[in-house]
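**Q** Have a look at this one.
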Amino acid sequence: MAGSRFSVQVEGLNQLKKTLRQLKDKDLSKRVREVNKEAAELVKPDAQRGVPQHQRSPKDSKKYRPGKLAKSVKVVASANSAAVKAGTASRSPYAGAIHFGFPRRGIKPNRFLYRAMARNSDRVSETYEREITAVLRDKLES
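Note that the numbering used here numbers the sequence shown so that position 122 is 123, with each residue one more than the last.
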């Protein structure tokens, strides 16, 4: 499933990351991480709304807890990237089965994370471009 990962490519990002490493400016790296997180945060609410909502039935696994998957959606960011993730091994280990499907168990894929990113990709790109430009402008002016 690694080939089906949804991503946004930013021209010049590799050069920016290389320059950040050469500058060794912790404040600049921190600010870029904040920009990455801010851009990814735009996807989180839509992803949480896209999580399937079901009532627990007697046939469901004891590990299935309605609402836990939506609460587990989180943003992880670094100076290099940002990601929106759902599920944890201990609280909602079924996240992968819900998102990618589990044919042997009759679970059809519900790619709520991919749909959320697709719906918000324009906003993410605009925000990222605007904020990175502001960060670089501030750095060059100081």
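For each residue, glycine too, the CB sits at the ideal point set by N, CA and C.
Note that the coordinates shown come from a computational prediction; the quantities given were computed from them, not determined experimentally.
Between which residues of its own chain and G97 is the CB-CB distance below 7 angstroms, once the five residues before and five after are set aside?
**A** Numbered from 1 along the sequence shown, position 96 holds the residue referred to as residue 97. Once the five neighbours on either side are set aside, the close Cβ partners of G97 are G88.
**Q** Taking 8 angstroms as the cut-off, does the region 25-39 touch the region 98-118 (at least 3 CB pairs, one atom from each stretch)?
**A** No, the region 98-118 does not touch the region 25-39.
**Q** Do V74 and A41 come within 8 angstroms of each other at the CB atom, strictly closer than that value?
**A** Locating residue 41 in the sequence shown gives position 40, counting from the first residue. Locating residue 74 in the sequence shown gives position 73, counting from the first residue. Going by C-beta atoms, A41 is not nearer than 8 angstroms to V74.
**Q** Near G68, which residues of its chain fall below 8 angstroms by C-beta distance, leaving aside the five closest residues on each side in sequence?
**A** Against the sequence shown, residue 68 aligns to sequence position 67. Within the same chain, G68 has close Cβ partners Q54.
**Q** Pull up the distance between the alpha-carbon of R116 and that of A90, whole angstroms please.
**A** The count along the sequence shown starts at 1 and reaches residue 116 at position 115. The count along the sequence shown starts at 1 and reaches residue 90 at position 89. Their backbone Cα atoms lie some 23 angstroms apart in a straight line.
**Q** Could you check if S79 is buried or exposed, using at least 16 other CB atoms within 10 Å of its CB as the buried criterion?
**A** For the purposes of this step, residue 79 is taken as residue 78 along the sequence shown, with counting starting at 1. Counting Cβ neighbours within 10 Å, S79 comes out exposed, since fewer than 16 surround it.
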